[in-house]
Each structure stands twice: as C-alpha cells, then as structure tokens.
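Numbering (the numbering used here), first residue to last: 486 to 893.
1. Could you say which of 666, 811, 769, 726 lies nearest to residue 541 if we only look at CA atoms?
2. Tell me residue 577's beta-bridge partners as DSSP assigns them.
3. So is residue 818 buried or exposed if we call it buried at 16+ other beta carbons inside 10 Å?
4. Please name the residue, chosen from 562, 554, 578, that lies closest to residue 544 on a Cα-to-Cα basis.
5. If we count the other Cβ atoms within 10 Å of its Cβ and call it buried at 16 or more, is residue 539 buried or exposed?
6. Kindly indicate which residue of 848, 865, 646 has the alpha-carbon position closest to the one of residue 632.
7. Do residue 653 and residue 722 have their C-beta atoms within less than 8 Å of each other?
8. List, from N- to C-terminal side, the beta strand (DSSP E) runs of 3 residues or more that fit wholly inside the segment 780-825.
9. Going by DSSP, what residue range makes up the beta strand (DSSP E) through residue 553?
10. Look at the alpha carbon of residue 873 and the alpha carbon of residue 867, and state the distance between them as a whole number of angstroms.
11. Are the CB atoms of residue 747 and residue 701 nearer to each other than 8 Å?
12. What whole-angstrom Cβ distance do residue 690 and residue 642 have, given they're in contact under 8 Å?
13. Quick check: the Cα distance between residue 537 and residue 833, rounded to an integer number of angstroms?
14. Judging by CA-CA distance, which residue of 718, 532, 573 is the nearest neighbour of residue 627?
15. Taking 8 Å as the threshold (C-beta atoms), are residue 719 and residue 695 in contact?
16. From this set, 856, 630, 567, which residue's C-alpha is nearest residue 740's C-alpha?
17. Based on the DSSP secondary-structure assignment, which residues constitute the bridge partners of residue 647?
18. Where residue 726 and residue 557 are concerned, what is the direct C-alpha to C-alpha distance, given to the nearest angstrom?
19. Indicate whether residue 586 and residue 576 have their beta-carbon atoms separated by less than 8 Å.
20. So if DSSP puts residue 719 in a beta bridge, which residue, or which two residues, is it bridged to?
21. Can you give, in chain order, each stretch of the alpha helix (DSSP H) that sits fully within the segment 727-789 and has at least 4 residues?
22. Put residue 620 into one of helix, strand or coil per three-state DSSP.
23. Straight-line CA distance for residue 709 to residue 743?
24. Looking only at its chain, what residues have a beta carbon closer than 7 Å to the beta carbon of residue 601, apart from the 5 residues adjacent to it on each side?
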C-alpha cells in the first residue's frame with residue numbers, strides 16, 4: 486500500500502502530560518444487529534441503487550451545522566428544522582458540517598477563543614437523536630466541509646460521510662482535556678466517562694471503538710489492516726498501515742486520508758459532486774435554489790441571536806456607564822436607564838439560550854442580571870420613598886429640608 490500523509494494535531498498538555506495513561510475501564514456494550522446502529526436503527530440508504538425508484542431525481546433538503554457548537558449549533562433551532570423537513574417531504578437530507586475552532590495554519594494564532602465550541606453531552610446526544618430518529622424515514626448523509634474541536638463527534642453518528650477536498654476531520658482531543666484532574670484516580674475515572682461519551686457518537690454510526698479511543702487518547706497508537714474489503718482498526722503499530730504512532734497527539738484526517746481509510750465514502754466540493762457520488766446524475770434542486778430547505782432557517786437564527794448578543798454587550802456597557810453617574814439629583818434617571826439596559830439583556834437571554842451562554846462565558850450570568858435588577862429596583866424604591874418623605878415633611882412644617890425637617 487502506498488504511503489499516505491495524515492495531518493496530526495499536537496496537544497499542549499500542561500499537567501495532563503505528566504500522567505502515563507493506562508487503559509480506560511471497559512464498559513461492555515450490547516450487540517447490535519448487522520446494518521443497524523444504537524441510535525439509527527432502521528435508517529434508509531442514501532444511495533441511488535438502493536432506492537425503490539432508482540430513476541427518480543431525488544428532492545434534496547440541506548441542513549447546515551455550522552459555526553460555534555452550543556450556540557450556532559444548538560438543539561432548539563434544529564427542532565424547527567426537523568418540523569420544516571417533515572412538511573417539505575424531501576427524498577434525501579444532506580447535513581453540511583462546518584465547525585472549526587481553529588484554522589489550518591496553527592502558527593498564525595489568530596483564532597478567537599470566545600468562538601470555541603461548548604460541548605454539552607446531553608444537548609448533543611438529544612440533537613443527534615432528534616435528527617436521526619424523527620427524520621429516520623428519509624435517507625441521510627453527512628458532508629464534512631471542515632470540523633475541528635468539540636463539534637467533531639457530530640460527523641460520526643452517520644455511517645455515510647463525505648468530505649470537501651480541503652476539509653479536516655479531527656479527533657476528539659477535547660474529551661481528553663475535559664478529563665483533566667490533578668488526582669490520578671479522579672482523572673482516570675473522568676477519562677473513562679469521557680471515552681464512553683465520545684465513543685458513543687462513533688458507535689452510533691457503526692465505527693469501531695478502537696478508532697474512537699485513539700481519536701480521544703493521545704497515548705493510543707493506531708494502525709489498520711485489511712481482511713478482504715473489511716478494514717480492521719488496531720491500537721498498535723502492527724497493522725498494514727500505521728495511522729498514528731505519536732503519544733502526544735491524536736489524528737486529524739484530511740480528505741484523502743479519510744477516504745483511503747474508509748472513514749469517508751468520497752470527496753466532493755459541491756452538491757452536484759456529492760449527488761454524483763451517491764449515484765444520481767440528476768437531482769431536484771427546487772428546495773435548495775428557492776431557499777426552502779434548512780439553510781435559511783439556520784442562517785436566520787444565527788443572524789438573530791448574534792445581533793441580540795451584540796446588543797447585549799452594548800447594553801452592558803450602558804449599564805456600567807449609567808451606574809457610574811447614578812448619584813445626586815439625577816440618580817433616578819441614571820438608575821432607570823441602567824435598569825432598562827439590564828432588562829434588555831435578561832429578555833435576550835430568555836429568548837436565546839445562546840446569548841445566555843456567551844454572556845455567561847464573559848462572566849455575566851443570568852442569575853447576576855436578575856440580582857442586579859432587584860438591587861436597582863430597591864434603590865429606585867428607596868430614592869422615591871425619600872423624595873415622598875421630603876415632600877410630605879415640607880407640607881407639614883412649611884418648607885422642611887428633608888426627612889424630619891426642623892421647619893426653620
């Protein structure tokens with residue numbers, strides 16, 4: 486077999502690098518019938534030759550999964566997309582995955598840390614389950630344009646993966662880093678849990694657990710052998726082809742390597758190419774061209790929550806500025822403006838969980854906003870009470886100067 490080059494993402498370990506990693510605790514998994522997966526039992530094939538009417542041009546519905554995991558890619562918007570897809574009744578769904586926390590030129594160092602993905606195992610599990618189960622009657626395929634970071638597990642729950650020619654399919658080193666702890670026993674248990682979580686996404690697509698562990702744990706080596714047309718993943722360097730012999734890195738597959746190793750079924754750079762690889766010379770573009778598929782829904786959601794987030798950042802600056810001036814005769818006016826700014830932030834958080842997550846990441850939590858609002862209301866009530874007392878005192882004493890005025 487010809488030598489293939491596979492890009493490798495190096496990890497900065499810090500404390501975790503001092504541990505000599507032992508095997509994670511094994512958790513027995515139930516057997517799954519041939520051709521089925523734990524999440525996607527009974528799913529339909531996307532290939533032209535497997536269709537009941539192979540000559541029909543399939544109506545395609547695309548569902549983008551792009552941007553920041555946990556905010557742009559989040560369950561609520563995909564619930565709307567699922568309902569829309571059910572109404573449109575397409576013949577094929579294409580998930581377009583593009584979520585990279587960092588670009589492909591590491592030394593530039595221009596990646597925005599605030600845009601790094603946020604992996605919530607429960608939300609991601611529910612997201613995958615919802616997409617696969619509620620739309621299981623429609624054939625599905627994943628087109629990976631580029632994925633690096635916590636969104637990587639979203640590529641694997643589907644057995645049919647295609648990649649863009651310049652795309653990446655990165656391992657899941659974030660899971661290893663999330664298991665970090667100075668106590669070795671705690672770290673070992675955390676790691677076993679994270680391996681189980683991350684490997685669940687691969688096993689849902691029918692991928693080998695040996696591959697999953699090697700994509701998570703840097704110390705795991707990885708090679709492959711072939712038994713006929715069957716590819717066998719091995720956590721050693723004894724296979725026919727060595728994929729990764731580093732102990733300080735997890736693999737990152739480019740399009741060619743992913744296809745050579747049968748992770749990807751093919752390489753394509755547009756939907757026409759993808760449909761051709763699936764066996765269709767013609768396909769119904771009506772939903773895509775008329776912008777009646779999932780793309781406009783996702784794009785509109787991302788645009789709106791990010792606009793709301795930008796307004797929240799400005800509202801927070803307004804709050805801070807008004808509180809600086811909230812004293813003296815104009816205190817009520819400034820407190821009123823500060824209260825309005827906080828209420829705008831709270832309303833946006835309630836409407837868009839993504840706004841709450843991003844504001845929280847900046848140290849501004851929803852619970853803090855609610856507390857600050859209560860405090861401002863109390864201040865306003867106290868000031869208004871003092872003013873009423875002053876007016877009342879003046880009436881009784883003929884021009885009193887404050888609470889309990891002397892009347893002189």
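From the three backbone atoms N, C-alpha and C, an ideal C-beta is built for every residue, glycine too.
Taking the definition as stated:
1. 769
2. 545
3. Counting Cβ neighbours within 10 Å, residue 818 comes out exposed, since fewer than 16 surround it.
4. 578
5. exposed
6. Closest by alpha carbon: 646.
7. no
8. none
9. Residue 553 -> no beta strand (DSSP E), and no H or E assigned at all.
10. 10 Å
11. no
12. 5 Å
13. 48 Å
14. 532
15. yes
16. 630
17. 628
18. C-alpha separation (whole angstroms): 38 Å.
19. no
20. Answer by DSSP bridge pairing, in chain order: 708.
21. Counting only runs of 4 or more, we get 740-745, 756-762, 771-774.
22. coil
23. 12 Å
24. 586, 634
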